[in-house]
Amino acid sequence: MARLPLIFAPDPRLKKVATPVSSVDAPLVGLIDDMLETMYAANGIGLAAPQVGELQRVIVVDIAGKNEPPQPFGLVNPEIIWADDTLTTYNEGCLSLPEQYSDVVRPQAVRVRYLDRHNQPQEVQADGLLATVLQHEIDHLNGLLFVDHISLLKRNMILRRLKKWKKAGDDV
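For the record, in the sequence shown the residue sitting at position 23 is 551 according to my numbering, with numbers rising by one throughout.
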C-alpha cells in the first residue's frame with residue numbers, strides 16, 4: 529500500500545465527474561487499499577478517488593471511533609438509490625479543503641448500491657454520520673464539494689482562505 533497525494537480545492541480536477549468502473553480488478557483493489565492508507569494518514573473518515581487524482585467512481589469510508597477497531601470499506605460505482613425526506617445538519621470538513629468546516633444539510637438516511645472489492649453488487653442502508661459521509665464522498669464523484677451546499681458568501685470565504693493556505697505552502 530502507498531499514500532497518495534491529496535488534491536486541494538480549488539483544483540479544477542475536483543469539479544470533474546468521475547468515470548464509472550467497468551469491473552473491479554487487482555489494480556482497482558490496490559487503489560482502494562492506497563486510498564484507505566491515505567485517508568487514515570490524513571485522519572479522514574472518507575475519501576473519493578478524484579481527491580487523489582483518479583477520475584474513477586470509487587470511494588472509501590471508515591467511521592469507526594478512535595477506540596474502535598477499523599471498519600473500512602470500499603465502494604465502487606456507488607449510487608444513492610433512496611434518500612430519506614427527513615433532513616439533518618452536520619458540521620462537515622474535507623481532506624481537500626483542509627481545516628475548513630461548515631454546517632451542511634443532507635438527508636438523514638440513504639440506501640446506496642455499489643460493487644465491493646470482490647466485484648459483487650451490494651447495498652448498504654445508512655443513517656447518521658455514515659449517511660452523511662457516503663453522500664459527501666458520492667458528491668465528489670459528481671464534481672461537487674461540501675461548499676457547494678452552503679451559501680455563496682460562506683463558500684467564497686472558505687475558498688479565499690484555501691487560496692491563501694496554498695500560496696503560503698508554495699512559499700515555504
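All C-beta atoms in this analysis are idealised placements derived from N, C-alpha and C, irrespective of residue type, glycine included.
Classified as exposed, Q599 has fewer than 16 neighbouring CB atoms from the shown chains inside 10 Å of its CB. Taking the CA atoms as reference points, L534 sits about 23 Å from I678.
Within the same chain, and ignoring the five residues on either side of Y618 in sequence, the residues whose Cβ sits closer than 8 Å to its Cβ are D631, V632, R634, L657, T660.
Our two residues, V640 and V580, have alpha carbons roughly 22 Å apart in a direct line.
About 6 Å separates the CB atoms of E582 and L559; that is less than 8 Å, so the two are in contact. If you draw a straight line from the Cα of H668 to the Cα of L687, it is about 16 Å long. Secondary structure at G574: strand, using DSSP grouped into helix, strand and coil.
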